[in-house]
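Read in order, the letters of the sequence shown correspond to residues -5 to 593 in the numbering used here. Using N, Cα and C, we set each Cβ at its ideal position, and we do this for glycine too. The structure under discussion appears below in the form of structure tokens.
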Amino acid sequence: MKQPCGLSFPLRTLGVLCVAVVCFSAVPASATIRYEVSVAEPEKHIFRVKMTAPEVKDELIVQLPAWNALYQIRDFAYRVQNVRARDANDVPLTVTKLDKQTWQVRGRGAVTVEYAIFWDEPGPFSTQLNANHAFINLATVLMYVPGRRGEDARITFTGVREGWGIAVAVRPGENSATFLAANYDALVDAPVEIGEFQQFRFETQGAGRKIAIRVAVHGDGWDQAVLTESLKKIVTAETETMRDVPFEEFLFIYHFGTATGGGGGGMEHANSAAIHLGNAAQFEGVTAHEFFHLWNVKRIRPRSLEPVDYTKENWTRALWFAEGVTSTYASYTLVRSGLWSRGQFYDDLGGQIAELESRPSHLWKSAEEASLDAWLEKYNFYRRPEYSISYYNKGQILGVLLDILIRDATDNRAGLDDVLRDLNENFAKRGKFYDETTDLRAAAERAAGKDFREFFARYVAGTDELPCRETLARAGLRLKALGQVRADFGFAVGRGLELATTVTQVESGSGAEKAGLREGDILLEVNSAAFPRNASNWLRAHQPGEGIKIKVRRNGSERELTFALGQRQESSYRIEEDEAATEKQRRIREGLLKGTADR
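Okay, structure coming up:
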């Protein structure tokens, strides 16, 4: 539930937040790509951008990314207006558009490209400028020069309203509105919050050292003491797990309550995370997931995602690990830090198993194929249970199973933690990227001292049913199937580009269909509360036949629909501790829940 903000905030200062990052290249200042971004027109939702590239020889090519953050082609260039260019003497230059996201400028020396771009889309994957604030994913706004992405980058924000501050995780420049990055990719991997936000800083311990955390919050319904205490537990637990702190200071940007405009989610970045939740009480799980990405995917990274190609898809089979195993560690962090009870951990894992088995496509779509198909998730039809599974979901389960099997093979002397540390030492810290088809398995084999080719062939690349029951038994856990009648909405949902919960399918003959619900409707509320992120959990608290009222948005207008919940036979699972477990099984179970091993 929402926590009232019962504290006064002496740190409601509106100065600049900045986090130091390592500079990876030393390029002369003359070779710096310079950006100037105006936020002076919030009512129009228009950013005005100036980009200056030095040392141009006859021709300058600039591009705007087609995607960023989400594995979805979103073609940001359709938002661009009036691309112009001039040289250092302010002489206009000829601009020619070459394709949907590429422009050619004829000129020499220092060339400045100017354009306007519209953004008013809430959420951590997008960009928004309005009268309340600006939140910017810079890759959605800034063009780059192909072949020159490695040069130093400098950005200055202009038109910032009096009383507004700037929060961003890159080095400060010569004034409070200027920031520096080692290159384009580093710059756009640092989201920006500009507005009248609340900020605070604290230190905690982890991996044998002090850790500096800075927080910027825009919105309402949160409590600083609660937020700080939970963040300390999450940061300490995950840095202890990885035995590593790969930053000088980490920035969390939160949007809570009415600041979100509906929807929710989070996005990881190299030295920061942006988290957007209608209900601040939900922040712990999302935060644990996004902070663990500090290692898994931001630094422990598959070769298939490098280098980033902003013009088209980067195909990868590794998202079951990059995202799914990150979800494994989010759940581990919550139970190991005491933010969850054992029962909550078991309930979550049982729910994940039930979710996977409820989707008919799990019988023919592998974890690797689901990873490849991430680029199809923008289509409502694809998100239907007959066509897709979640690589988050299956990957989370695979992570737990791998952990148990490694612990079983080593008499609990090693586990999945050792696999992540191995990858961190041998790839991330050496600036190398892993091969998704061989290196993950090899790291698991090094930890376990056994061959995992069959496991990866059957359950990662293949579609055999996951051996959940027999594997959990090795950790002294029993998986019990429960069949019961549950309340049902009569429609399926998915999350769209704007983080909104969207109707992907309406069941024929259901109360929802009769009330007028349609595929593509955006779900805003149920019974005057924000539509839940976890619809299954919400339904478990309600009964078939119960009347509900939902608010939806369709074609820009909102409407309310009233109907009775339907029912369905649901297969669910309960995970219980086996009182007859052997001493070894108990040690494995404790190792899972506490993050320990018998060295």
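I'd like to confirm the pairing. Which residues does DSSP put opposite residue i in its beta bridges?
i, result
"LYS44", "GLU30, GLU108"
"PRO86", "ARG80"
"THR556", "LYS543"
"HIS127", "GLY189"
"GLY409", "GLY409 pairs with nothing; no bridge assigned."
"TRP97", "VAL56, LYS91"
"ARG568", "LYS474"
"LEU517", "THR495, VAL546"
"ALA175", "ALA147"
"GLN122", "ASP114, PHE129"
"PRO166", "PHE173"
"VAL74", "ILE111"
"PHE194", "VAL209"
"VAL380", "What sits at residue 380 in the sequence shown is Glu, not Val. Looking at the DSSP assignment, GLU380 forms no beta bridge with any residue, so it has no partner."
"ILE67", "For ILE67, which the question treats as bridged, DSSP gives no partner whatsoever."
"ALA523", "VAL520"
"GLY103", "VAL50"
Indicate the three-state DSSP secondary structure (helix, strand or coil) for residue i in the structure shown.
i, result
"ARG289", "According to the sequence displayed, residue 289 carries Trp and not Arg. Residue state, collapsed to three classes: coil."
"ASP592", "coil"
"SER19", "Confidence at SER19 is low in this model, with a pLDDT of 33, below 50, so the placement of that residue should be treated as unreliable; the coordinate-derived value is given next. Three-state DSSP puts SER19 in coil, outside helix and strand."
"VAL139", "coil"
"SER325", "helix"
"GLN199", "strand"
"ASP146", "coil"
"ALA574", "coil"
"GLU300", "coil"
"GLU419", "helix"
"SER24", "Any reading at SER24 is ruled out, since the residue's pLDDT is 41, under 50, leaving its predicted position unreliable."
"GLY488", "strand"
"GLN276", "helix"
"THR134", "helix"
"CYS318", "The question names Cys, but residue 318 in the sequence shown is Gly. Looking at GLY318 - three-state DSSP - the assignment turns out to be helix."
"ARG512", "coil"
"ARG440", "helix"
"SER355", "helix"
"ALA180", "helix"
"GLU35", "strand"
"ARG311", "coil"
"ARG562", "strand"
Tell me whether the beta-carbon of residue i lies closer than 8 Å to the beta-carbon of residue j.
i, j, result
"ALA524", "GLY541", "no"
"GLU262", "LYS292", "yes"
"ILE400", "ALA437", "no"
"ASN62", "VAL162", "no"
"VAL209", "PHE246", "yes"
"ALA175", "TRP289", "no"
"ILE188", "VAL33", "yes"
"TRP113", "HIS212", "no"
"PHE483", "GLN499", "no"
"LEU476", "TYR567", "yes"
"PRO301", "ALA312", "no"
"ALA79", "VAL105", "yes"
"SER355", "SER382", "yes"
"GLY514", "LEU555", "no"
"THR222", "PHE244", "no"
"ILE569", "LEU410", "no"
For the beta strand (DSSP E) containing residue i, list its first residue and its last residue.
i, result
"ALA267", "266 to 271"
"GLY213", "203 to 213"
"PHE427", "Per DSSP, PHE427 belongs to no beta strand (DSSP E) and is neither H nor E."
"PHE244", "243 to 250"
"ILE400", "That residue, ILE400, is in no beta strand (DSSP E); its alpha helix (DSSP H) goes 385 to 403."
"GLU501", "GLU501 -> no beta strand (DSSP E), and no H or E assigned at all."
"GLU262", "258 to 262"
"ALA161", "159 to 162"
Can you name the start and end residues of the alpha helix (DSSP H) that residue i belongs to?
i, result
"ILE582", "577 to 588"
"ARG472", "Per DSSP, ARG472 belongs to no alpha helix (DSSP H); it is in the beta strand (DSSP E), 471 to 482."
"PHE339", "336 to 352"
"VAL230", "Sequence check: residue 230 is Thr here, not Val. Run containing THR230: 218 to 236, per the alpha helix (DSSP H) assignment."
"ALA467", "462 to 467"
"GLU115", "From DSSP, GLU115 is part of no alpha helix (DSSP H); its letter is neither H nor E."
"ARG534", "529 to 534"
| field | Three-pair Cβ contact test at 8 Å for the region 378 to 395 versus the region 350 to 366 | value | yes
| task | Mind the definition here: the region 316 to 326 touches the region 529 to 541 only if three or more C-beta pairs lie below 8 Å; say whether that holds. | result | no
| query | Is it a yes or a no for the region 152 to 167 touching the region 83 to 92, going by three-plus beta-carbon pairs under 8 Å? | reply | no
| Taking three-plus beta-carbon pairs below 8 Å as touching, is the region 139 to 158 in contact with the region 58 to 74? | no
| field | Cβ contact (3+ pairs, closer than 8 Å) linking the region 447 to 461 and the region 499 to 516 | value | no
| task | Could you tell me whether the region 326 to 345 touches the region 226 to 241, using the rule of 3 or more Cβ pairs below 8 Å? | result | yes
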